[in-house]
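Okay, so here's the structure we're looking at.
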Amino acid sequence: MTRREVVNAEEKILRKAGVYRDPNRARNDSRKEIAYLRQQMDKLQIDLKSLEDRRKRRMQQQERLSEHLIVKQRQRREEAERENARLKLIAERQQKAADSLNSLLKKRENQSMNDCASFMDVSPRQRIVHVVDFHGDISRVSSDIMTLLDEK
């Protein structure tokens, strides 16, 4: 082996050991940086995909929740409308019953008035009131009372 070959071999060993700088360091650094950037790009794409998937799932959950709420609200509204219609019918029936009872009571009142009218003296006449003094003679008072009773 020649002297040059021995020196080259020693330099090669020292280069591998890191004592000498790599003559292709700039090219190797570029390759390493490109590899690192590719790796970072792959990680970022995976992160982006997971974020998009998460956003998509959230949107779907919100849509399902919104649809569920809409269905529940519609059911409650329809139930309230049915209840209102039922209560309105009940109120109308009760109003009709009250009106018919009112008219029946008025008829009975008129009928009783007509029945009792024959017993009542509706002719206007002046009532005469006699004041009797009880401090006086009792016989005179009793004769006055008898006269009054005979008049009637």
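In this note's numbering, the protein residues as written are 1 to 152.
For every residue, glycine included, the Cβ atom is placed at its ideal position computed from N, Cα and C.
- Query: When the cut-off is 8 Å and only beta carbons count, does Val-7 lie next to chain D?
  - Reply: The structure shown contains no chain D; it holds only a single protein chain.
- Alpha carbon to alpha carbon, how far is Gln-95 from Leu-101? Give it in angstroms, no decimals. 10 Å
- Message: Between the alpha carbons of Ala-80 and Leu-51, how many angstroms are there, rounded?
- Response: 43 Å
- Item | First and last residue of the uninterrupted alpha helix (DSSP H) at Asn-8 | 3 to 17
- Query: So what's Asn-84 in DSSP terms, helix, strand or just coil?
  - Reply: helix
- Where does Asn-102 sit, in a helix, a strand or coil, going by DSSP? helix
- Message: Going by DSSP in three states, Asn-24 sits in which element: helix, strand or coil?
- Response: coil
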